[in-house]
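So for the sequence shown, the working numbering puts the first residue at 88; every next one is plus one. Built from N, CA and C at the ideal position, the CB exists for glycine as well. In what follows, a structure is listed as structure tokens, so that the remarks can point back to it.
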Amino acid sequence: MTEAPSELALSNEALNSWTAERLFDASWAATVVQRAIRRLREECERKGRLRVFEVLNRYLTADRDDISYARLATKLRVAEATVKKLLYHMRQRYRFLLRDEVSQTVADPADVEDELRYLCGALAARSAKAA
């Protein structure tokens, strides 16, 4: 699955230049991602892992090369290998929750993968314009 960003922003330029349909798609995509992230946060909180979520959530979609596992390990006071494992499992759960959120927006379960691709495309366009 293509990755959906875990943090979203939209520039004033995009707000003023995009069509209503494109703005709607970007807003829909952001809402779906935010709901999945909120659910992940709530799950972590219930399990007593809110601190883990707070430290790692911004890395849900980061390239592995962009992550300093040593720095994160220091923040969490755990071994680097533990950080890698925690982030791996958090990413898996995020993907599951994202897929679940998308499945609630389609009539046919067979459309989920297409919608996920569309969501990621809308978010990529949104992120490119925000940068």
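Helix, strand or coil at residue i [DSSP, three-state]
| i | result |
| --- | --- |
| G208 | helix |
| T148 | coil |
| Q191 | coil |
| W115 | helix |
| K134 | coil |
| I154 | coil |
| V199 | helix |
| R164 | coil |
| M88 | Because the pLDDT at M88 is just 41, under 50, the model does not fix this residue reliably, and the point stays unresolved. |
Closer than 8 Å to chain C by CB, residue i
| i | result |
| --- | --- |
| R151 | In summary, chain C is missing from the structure at hand, where a single protein chain is found. |
Residue i vs residue j beta-carbon contact at 8 Å
| i | j | result |
| --- | --- | --- |
| L127 | R180 | yes |
| M177 | L210 | no |
| K171 | Y156 | yes |
Residue range of the alpha helix (DSSP H) that includes residue i
| i | result |
| --- | --- |
| T106 | Unbroken run through T106: none, as it is neither H nor E. |
Distance between beta carbons of residue j and residue i, contact taken as under 8 Å
| i | j | result |
| --- | --- | --- |
| E200 | T192 | About 13 Å; that fails the 8 Å criterion. |
| A107 | L206 | Not really, about 18 Å apart at Cβ, beyond 8 Å. |
Are the segment 155-175 and the segment 137-147 touching by the rule of at least three beta carbon pairs closer than 8 Å?
-> yes
Touch test, the segment 121-138 against the segment 180-191, Cβ-Cβ under 8 Å, three pairs minimum = yes
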